[in-house]
Structures are given as structure tokens and as C-alpha cells.
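Peer 1: Counting from 308, one number per residue, gives the positions in the sequence shown under this note's numbering.
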Amino acid sequence: MPRKSFKHHLYVIIFGTHTRAGRAFDIALIIAIITSLVVLILESLPSVMTEWSRELRYIEYTFTALFT
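(1) With a threshold of 16 other CB atoms inside 10 Å of the CB of residue 345, please say whether the residue is buried or exposed.
(2) Unbroken alpha helix (DSSP H) runs of length 4 or more, entirely within the stretch 322-370: which are they?
(3) So what's residue 314 in DSSP terms, helix, strand or just coil?
(4) Starting from the Cα of residue 370, find the closest Cα among 327, 331, 328, 339 and give me that residue.
Right under this line is the structure:
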């Protein structure tokens with residue numbers, strides 16, 4: 308039986324929901340999307356931005372890099 312390639316394993320993780328790794332990837336992606344939306348909402352609140360602008364900016368940069 309031929310050994311499966313790294314590309315195949317990555318495909319199964321990203322597009323397969325029947326494996327533990329695939330489910331974990333889906334959950335992590337959903338958490339990242341929701342967290343990104345929460346950061347976006349928080350950035351629209353002036354009271355939050357005055358106190359947390361640097362942290363929210365770094366989080367936003369992280370998500371931009373992650374989703375790119």
C-alpha cells in the first residue's frame with residue numbers, strides 16, 4: 308500500500324469532517340472567524356478603542372495574516 312503524501316493529509320484535514328483532525332480544524336476556523344468579528348465590533352466602540360487600540364490592532368494583524 309503506497310504511503311500517503313503530506314498534500315493528501317493536509318487535504319483530509321482541511322476538507323474532511325470525518326476525522327478528528329478535520330473536526331478540530333473546522334472548530335479552530337470557526338473560533339478564529341468569530342473572534343475576528345468580535346474584534347471588528349470592539350474596534351467600532353470608541354470607549355474600547357481608547358483603552359485597547361494597540362492590542363486590538365495586533366489581533367487584527369494576526370487574523371489578517373492567518374486568513375491571507
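Glycine included, C-beta positions come from ideal geometry on N, C-alpha and C.
The model shown is predicted, which means the values in this text are computed figures rather than measured ones.
Peer 2: Taking the structure as given:
(1) exposed
(2) 327-350
(3) helix
(4) 339
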